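Asker: Sharing a structure, written as structure tokens. Questions coming.
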Amino acid sequence: MHAALQETAVGLRSTVTALHPQVLAQLGPTPAIQELLRQYETRPDITVRADLEDVGHPEGQALLYRAARELLANINKHAGASTVSVGLFRIGDRVVLTVADDGKGFDPSTVAQSVAEGPLGL
1 MHAALQETAV GLRSTVTALH PQVLAQLGPT PAIQELLRQY ETRPDITVRA DLEDVGHPEG
61 QALLYRAARE LLANINKHAG ASTVSVGLFR IGDRVVLTVA DDGKGFDPST VAQSVAEGPL
121 GL
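What follows is the structure, given as structure tokens:
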């Protein structure tokens with residue numbers, strides 16, 4: 001029973017950390033996204049280019065991190081890309097996250113039909 005509880009606690013801790021890593025809470029989105037990219041670039045078939053400014057601790061930092069994580073997951077799953085570029089910077093009082101890849105993309109004319117068929121991710 002004790003071992004099962006410990007295993008559950010470890011799994012829960014891992015899930016919470018994946019959703020909101022300590023580095024994000026303590027240091028902000030720039031170091032958190034850097035760590036995310038370090039994990040992503042361990043893949044042998046992808047080159048990661050990053051231009052990340054220190055943007056401090058903006059109000060929506062968790063959203064920025066989750067968006068970056070989901071966009072990278074989508075690239076991994078759908079794009080067939082060999083290069084990914086990620087940018088994070090401020091323009092005035094706004095924080096801008098850019099994610100681009102050299103993958104196959106999609107036909108923008110199909111977006112309206114896809115929306116009609118059900119919810120889209122990012």
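Quick note: the sequence shown uses the UniProt record's numbering, first residue 1, plus one each step. Virtual Cβ for every residue (Gly too), placed ideally from N, Cα, C. Source: prediction; values computed, not measured.
Less than 6 angstroms between C-beta atoms, sequence neighbours within five positions excluded: which residues of the same chain meet that for Leu72?
Answerer: Cβ-Cβ distances below 6 angstroms link Leu72 to Tyr40 in the same chain, with the five nearest sequence neighbours on each side left out; the list follows chain order.
Asker: Compare the Cα-Cα distances from Ile91 to each of Gln34, Leu27, Pro58, Ala62 and report the closest residue.
Answerer: Ranked by how close their Cα comes to the Cα of Ile91, the residues Gln34, Leu27, Pro58, Ala62 have Pro58 in first place.
Asker: Quick check on Pro29: buried or exposed, where buried means 16 or more other Cβ atoms within 10 Å of its Cβ?
Answerer: Buried: at least 16 other Cβ atoms inside 10 Å.
Asker: By how many angstroms is the C-alpha of Asp107 removed from the C-alpha of Ala68?
Answerer: 22 angstroms
Asker: For Ile33, does the three-state DSSP call read helix, strand or coil?
Answerer: Of the three classes helix, strand and coil, the one that applies to Ile33 here is helix, per DSSP.
Asker: Quick one: measure Cβ to Cβ for Arg49 and Ser85, integer angstroms, because I've assumed they're closer than 8 angstroms.
Answerer: 4 angstroms
Asker: Label Val95 either buried or exposed according to how many other C-beta atoms from any shown protein chain fall within 10 Å of its C-beta, with 16 as the threshold for buried.
Answerer: buried
Asker: Quick one: what's got a C-beta closer than 6 angstroms to Leu24's C-beta in the same chain, skipping five residues either side?
Answerer: Ala32, Tyr65
Asker: May I ask which residues mark the beginning and end of the alpha helix (DSSP H) holding Ala25?
Answerer: Boundaries of the alpha helix (DSSP H) around Ala25: 22-27.
Asker: Between which two residues does the beta strand (DSSP E) carrying Ala100 extend?
Answerer: 94-101
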